[in-house]
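Per the working numbering, residue 601 is the first one in the sequence shown, and the count goes up by one each step.
Glycine is no exception: its CB is placed at the ideal position from the N, C-alpha and C atoms.
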Amino acid sequence: MSAVGAMLGAAAASGALLVAGELAARRPPSVVERIAPYLSGPSSGPEADAAPTLLRLLAPSTGALRERVVAWLDGSTALEARLRAAGHDDATVAGFRLEQLVWAVTGLLGTAVVAALLVGAGRPVSPAAATVLAVVTGVTGALLRDRRLTREIARRREAVRLGLPAVADLLALAVASGESAVGALERVGRVARGPLADECRRATEAAASGVPFVDALDAMASRVDEPAVRRFVDGVAIAVQRGTPLAEVLRAQAGDARADLHRVLLETAGRKELLMLVPVVFLVLPTVVLVALFPAFSSLTSLAP
């Protein structure tokens with residue numbers, strides 16, 4: 601097999617995949633697909649159609665496969681909670697598993713292309729080694745997609761933790777100016793930016809649709825899955841249920857959020873203390889020693905016969 605043949609085969613396979621996706625996309629929509637726009641909630645913006653093009657092409661023809669994969673794999677509930685914590689409200693467990701499958705297949709195809717190029721260049725390739733490498737790259741691709749989701753969750757939680765004091769202050773100011781709890785939450789969701797503001801808007805929409813305000817806040821804390829937000833929501837819920845002045849509670853919650861953020865920053869600095877010493881020990885200190893000893897070495901060299 602030559603390199604040109606491998607490239608032509610890859611191009612033909614890509615063309616066949618595109619044709620198959622187009623044919624599958626032109627099939628008549630099912631009853632579920634026709635009534636889905638009338639049952640789903642309002643779109644969250646451009647992110648609602650942020651799925652990769654390949655996944656949207658394959659979606660009509662891979663529904664049964666996705667259901668089988670989800671039924672075979674465990675942890676669907678935990679994975680759904682992780683997707684919500686990452687901010688992917690429109691994502692499904694089946695869609696995420698399909699993305700993992702695409703990443704794994706991409707790793708397999710990459711290994712196959714490299715092996716074909718090596719064979720075309722006349723270099724011997726062990727079939728066993730190529731098979732093992734293909735399996736390893738496929739598993740690595742699936743794990744990398746999961747790792748990416750974990751990093752998205754960590755970044756979103758960090759953004760929520762940083763924005764909580766400002767949101768609490770805005771809520772306290774709105775309540776002190778005469779707004780109700782739901783009205784204050786709606787105003788904050790409208791003027792603020794960030795993932796916590798998005799969750800405030802979702803909680804306001806849920807409360808407007810008939811969900812009790814405390815239950816909407818509890819659902820927001822469950823989606824975010826951040827201890828600071830959980831404490832904040834619990835404090836607000838207790839104040840609303842017992843009739844405690846909400847503005848004072850919100851100011852106290854804002855102070856607690858700032859104290860918690862300060863504590864987290866101190867803990868992070870303590871963990872990274874050794875890393876901060878690396879440039880000092882390995883860059884600054886050797887340079888200072890060399891500058892201090894260079895005149896002495898120069899003098900000794902000049903005195904040598």
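Helix, strand or coil: which one does DSSP assign to arginine 863?
-> Residue state for arginine 863 is assigned as helix, using DSSP reduced to three classes.
Quick one: Cα of alanine 694 to Cα of glutamate 680, how far?
-> So the alpha carbons of these two residues sit roughly 10 Å apart.
Can you list, in chain order, the residues of its chain whose CB lies under 8 Å from that of alanine 648, leaving out five sequence neighbours each side?
-> Legend: pLDDT at alanine 648 = 41, less than 50; position of this residue unreliable, value from coordinates given subsequently. Only Asp690 meet the Cβ criterion.
What's the call for phenylalanine 894, buried or exposed, on a 16-neighbour Cβ count within 10 Å?
-> By the neighbour-count rule (16 or more Cβ atoms within 10 Å), phenylalanine 894 is not buried but exposed.
Verify whether the separation of the beta carbon atoms of valine 788 and leucine 771 is less than 9 Å.
-> Closer than 9 Å, so yes.
Should valine 833 be labelled buried (16 or more other beta-carbon atoms within 10 Å of its own) or exposed?
-> Burial is judged here by how many other beta carbons sit within 10 angstroms of a residue's own beta carbon; valine 833 has at least 16 and is buried.
Per DSSP, what kind of secondary structure is arginine 793 in: helix, strand or coil?
-> DSSP, reduced to helix, strand and coil, places arginine 793 outside both helices and strands of the structure shown, so it counts as coil.
What three-state label does DSSP hand proline 765 in the structure shown?
-> Taken through DSSP and simplified to helix, strand or coil, proline 765 comes out as helix.
Extent of the continuous alpha helix (DSSP H) to which threonine 706 belongs | In the DSSP assignment, threonine 706 falls within the unbroken alpha helix (DSSP H) covering 693–720.
Specify, as a first and last residue, the run of the alpha helix (DSSP H) that valine 881 falls within.
-> Counting along the chain, valine 881 sits inside no alpha helix (DSSP H), nor does DSSP assign it H or E at all.
Rounded separation between tryptophan 672 and glycine 707 - CA only = Confidence is the limiting factor: at tryptophan 672 the pLDDT is only 49, short of 50, which leaves the residue's position unreliable and the question unanswerable from this model.
Alpha helix (DSSP H) containing alanine 819: first to last residue?
-> The continuous alpha helix (DSSP H) containing alanine 819 extends over residues 813–824.
Identify the continuous alpha helix (DSSP H) that holds serine 676 and give its terminal residues.
-> Taken as a continuous stretch (DSSP letters only), the alpha helix (DSSP H) holding serine 676 covers 676–685.
Please confirm if aspartate 689 has its CB atom under 9 Å from at least one CB of chain C.
-> The structure shown contains no chain C; it holds only a single protein chain.
Report buried or exposed for isoleucine 753, applying the criterion of at least 16 other Cβ atoms within 10 angstroms of its Cβ.
-> Isoleucine 753 counts as buried, since at least 16 other C-beta atoms from the protein chains shown sit within 10 angstroms of its C-beta.
Short Cβ contact (9 Å threshold) for arginine 790 with arginine 823 = The Cβ atoms of arginine 790 and arginine 823 lie no closer than 9 Å to each other.
Do the stretch 775–783 and the stretch 845–854 touch if we need at least three Cβ pairs shorter than 8 Å?
-> As far as the Cβ criterion goes, the stretch 775–783 touches the stretch 845–854, which means the pair count is three or higher.
Glycine 835 to alanine 828 span [Cα, whole Å] | When rounded, the distance between both Cα atoms is 11 Å.
Count the CB pairs spanning the stretch 738–756 and the stretch 714–725 that are closer than 8 Å, and state whether there are at least three.
-> Per the Cβ contact rule, the stretch 738–756 is not in contact with the stretch 714–725 (fewer than 3 Cβ pairs under 8 Å).
When you compare only the Cα positions, how much space is there between aspartate 746 and alanine 781?
-> Whole-angstrom Cα-Cα distance: 38 Å.
For serine 726, name the three-state secondary structure that DSSP assigns.
-> Look at serine 726 here: in three-state DSSP terms it is coil, with no helix or strand label.
Coil, strand or helix - glutamate 779 by DSSP = Annotated three-state conformation of glutamate 779 is coil, per DSSP.
By DSSP, does glycine 870 sit in helix, in strand, or in coil?
-> In this structure, glycine 870 counts as helix in the three-state DSSP scheme.
Determine the direct distance from the alpha carbon of leucine 717 to that of valine 735, and round the result to whole angstroms.
-> Approximately 18 Å, taken between the alpha carbons.
Status (buried if at least 16 other CB within 10 Å, exposed otherwise) for alanine 859 | By the Cβ neighbour-count rule, alanine 859 is exposed, with fewer than 16 other Cβ atoms within 10 Å of its own.
Residue environment, proline 886, which counts as buried when at least 16 other CB atoms sit within 10 Å | Exposed: under 16 other Cβ atoms inside 10 Å.
How big is the Cα-Cα spacing for glutamate 805 and proline 812?
-> CA-to-CA, the gap between glutamate 805 and proline 812 works out to about 11 Å.
For glycine 738, which residues from the same chain have a beta carbon less than 6 Å from its beta carbon, with the 5 sequence-adjacent residues on both sides left out?
-> So the qualifying residues of the chain are Ala704, Gly707 and Leu708.
What did DSSP end up calling serine 902 once you bin it into helix, strand or coil?
-> Assignment of serine 902 by DSSP, reduced to helix, strand and coil, places it in the helix class.
Is the CB-CB distance between leucine 749 and leucine 683 below 9 Å?
-> Result yes, Cβ atoms of leucine 749 and leucine 683 sit closer than 9 Å.
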